[in-house]
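Participant: Below is the structure I would like to discuss, written out as C-alpha cells.
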Amino acid sequence: MGWVDHAKRVHLRLAEASTPTRFVFHHVPKCGGTSVGRALRKRYLLSQATVKPEASFGAFALYTGRQDHAAMLVDVAALREQIMLYHMCDGVRGLSLHVPFSEPAHARFAQHYRFITILRDPVARFVSHFRWSHGRSADHAAISEDLVAFLETDRARRLGASYVEYFAGAPMARELGDPALIARAIANLNTKFDVVGRLDDLGGFIAQIQKVLGVRLRVGHENKARARAGCAILSPELEAQVRAICAPDIAVWESCFGRGAHDD
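Each residue of the sequence shown is one higher than the one before, starting from 1 at the first, in UniProt numbering.
Here you go:
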C-alpha cells in the first residue's frame with residue numbers, strides 16, 4: 001500500500017470516528033438555517049460538501065447553452081439533485097445544501113443518512129426571500145420587480161410554494177399548488193425526515209440534531225438581523241395577497257406545527 005492510500009484510510013477512519021452519523025440538511029432559503037448549516041459543516045470538516053447555487057446555475061447554463069432564465073431557475077434543480085446524489089454515492093458524511101428532497105436519495109440511503117430541515121412561517125419566509133433577492137443584480141436569482149409587480153408573476157407563485165417545491169420530490173413540477181403535491185410534501189416531512197425544526201425554536205432544533213447525530217454543535221447567528229425583518233414592509237392588503245400566494249406552504253406549515261402557528 002502506498003502512502004497516498006494509507007493517508008486515505010487514516011482520513012476515512014478519523015471521519016467515521018469523529019462523525020458517527022451521516023446527514024443531509026435540506027436548507028430551504030430564508031428559513032434561518034444558515035448558522036446551523038455552517039456549524040454542521042464545520043463539525044463534519046473531514047467529510048462534508050455542499051452544492052453552491054451560483055456555481056451550479058453557472059454550470060447548468062454553460063452545459064445547456066440555454067438563455068430562458070426563468071425556466072432555468074426551475075430546471076437547474078435536476079443538476080443540483082445529481083450533484084447531491086454524487087456526494088452521497090461517494091460517501092460524504094455531511095451535506096448541507098439548498099437542494100430539494102430527493103426520492104431516489106432517500107430510497108437508496110435512508111439507512112445510512114439522517115434527513116434534516118428547518119421551516120419558517122411561510123409569509124415571513126416569502127417576504128424575507130423577496131427582500132434578500134430584490135435588486136441583487138449580480139445574483140443569478142435576483143428579483144428586479146418591486147413587490148407589487150412581483151406578486152403577479154409565476155415566480156412569486158412558486159416562491160409561495162417553496163415547501164412543496166423542496167419536499168414533494170418533484171421540484172420541477174409546473175403546478176406546485178396541486179393538492180396531490182402538497183399532500184406528498186406533508187407526507188415526506190412526516191415520514192421521511194428525522195428532524196423538522198422551526199425558526200422560533202432554534203435551540204430545540206439544535207438539540208434534536210445533536211441527539212440524532214450524536215455530536216455537539218457550536219452555532220453562531222448568521223443573518224439574525226435579516227431573519228427578524230418579518231412582514232414589517234407589508235400593508236394589510238399586501239399581506240393578504242402574500243398570504244394567498246403562500247397557501248400551499250401554509251398548508252404544509254400548519255400540518256407540521258398546527259393551525260395558527262407563527263414564528264415572527
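Cβ coordinates follow ideal geometry from the N, Cα and C atoms, glycine included.
Using the Cα positions of Val92 and Ala78, report the straight-line distance between them to the nearest angstrom.
Facilitator: Using only the alpha carbons, I get a separation of about 20 Å.
Participant: Would a C-beta distance cut-off of 9 Å place Leu95 and Leu238 closer than the cut-off?
Facilitator: Result no, Cβ atoms of Leu95 and Leu238 do not sit closer than 9 Å.
Participant: Within the continuous beta strand (DSSP E) that includes Val195, where are the two ends?
Facilitator: Val195 -> beta strand (DSSP E) spans Val195 to Arg198.
Participant: Quick check on the burial criterion: 16 or more other C-beta atoms within 10 angstroms. Buried or exposed for residue 284?
Facilitator: What is shown of the chain runs 1 to 264, which leaves residue 284 out entirely.
Participant: Taking C-alpha atoms, which residue in Ile118, Gln210, Arg259 and Ala124 lies nearest to Ala240?
Facilitator: Of the candidates Ile118, Gln210, Arg259 and Ala124, the one whose C-alpha sits nearest the C-alpha of Ala240 is Ala124.
Participant: Mind the definition here: the segment 153 to 168 touches the segment 241 to 251 only if three or more C-beta pairs lie below 8 Å; say whether that holds.
Facilitator: With a cut-off of 8 Å, the segment 241 to 251 and the segment 153 to 168 count as touching, because enough Cβ pairs lie within range.
Participant: Helix, strand or coil: how does DSSP classify Ala225 here?
Facilitator: Reliability fails at Ala225, whose pLDDT of 39 lies under 50, so the model's placement of it is uncertain and the value that follows must be treated cautiously. Here Ala225 sits in helix by DSSP.
Participant: Between Phe60, Arg218 and Arg131, which has its C-alpha nearest Lys42's C-alpha?
Facilitator: When each option's Cα is compared against that of Lys42, the closest is Arg218.
Participant: Just mark Arg66 as buried or exposed, buried being the case when its beta carbon has 16 or more other beta carbons within 10 Å.
Facilitator: The residue is exposed, with fewer than 16 neighbouring Cβ atoms inside 10 Å.
Participant: Closest to Gln48 by C-alpha separation, out of Leu189, Thr34, His87 and Gln208, would be which residue?
Facilitator: Here the closest residue by C-alpha is His87.
Participant: When burial is assigned at 16 or more other CB atoms within 10 Å of the CB, is Asn188 buried or exposed?
Facilitator: It is buried - the Cβ of Asn188 has at least 16 other Cβ atoms within 10 Å.
Participant: Please go through the same chain and pick out, in chain order, the residues whose beta-carbon is closer than 7 Å to the beta-carbon of Cys256, but skip the five residues on each side of it.
Facilitator: So the qualifying residues of the chain are Leu119, Leu189 and Val196.
Participant: In its own chain, which residues sit with a C-beta less than 6 Å from the C-beta of Met72, not counting the 5 before and 5 after it?
Facilitator: So the qualifying residues of the chain are Arg66.
Participant: As a quick exercise: from Gly258, Ala185 and Tyr44, pick the residue whose alpha carbon is nearest that of Thr117.
Facilitator: The residue with the shortest Cα to Cα distance from Thr117 is Ala185.
Participant: For the beta strand (DSSP E) containing Tyr63, name the first residue and the last one.
Facilitator: Segment Pro53 to Thr64 is the alpha helix (DSSP H) holding Tyr63; no beta strand (DSSP E) there.
Participant: Would Phe115 and Val24 be called neighbours here (beta carbons separated by less than 9 Å)?
Facilitator: Going by C-beta atoms, Phe115 is nearer than 9 Å to Val24.
Participant: Where does Pro248 land, buried or exposed, given buried means 16+ other C-beta within 10 angstroms?
Facilitator: Classification for Pro248: buried.
Participant: Let me know the secondary structure DSSP gives Gly214 once reduced to three states.
Facilitator: Looking at Gly214 - three-state DSSP - the assignment turns out to be coil, as it is neither helix nor strand.
Participant: Helix, strand or coil for Ser102? Go by DSSP, reduced to three states.
Facilitator: In the structure shown, Ser102 sits in coil (DSSP, three-state: anything other than H, G, I, E or B).
Participant: If we count the other Cβ atoms within 10 Å of its Cβ and call it buried at 16 or more, is Lys30 buried or exposed?
Facilitator: It is buried - the Cβ of Lys30 has at least 16 other Cβ atoms within 10 Å.
Participant: Check each candidate in Ala61, Leu85 and Phe150 and name the one with the smallest Cα separation from Val74.
Facilitator: If we check each option's Cα against that of Val74, Ala61 comes out closest.
Participant: Leaving out the 5 sequence neighbours to the left and right, which residues in its chain are closer than 8 Å to Glu54 when beta-carbon positions are compared?
Facilitator: Closer than 8 Å at Cβ, skipping near neighbours: Asp139 and His140.
Participant: Would you call the CB atoms of Glu103 and Gly169 closer than 9 Å?
Facilitator: Closer than 9 Å, so yes.
Participant: How far does the alpha helix (DSSP H) with Val252 in it reach, from first residue to last?
Facilitator: Ala247 to Phe257 is the span of the alpha helix (DSSP H), which, as asked, contains Val252.
Participant: According to DSSP, simplified to helix, strand and coil, what is Gln111?
Facilitator: Of the three classes helix, strand and coil, the one that applies to Gln111 here is coil, per DSSP.
Participant: Which same chain residues, not among the five before or five after Gly214, have their C-beta less than 8 Å away from its C-beta?
Facilitator: Hits under 8 Å: Pro20 and Thr21.
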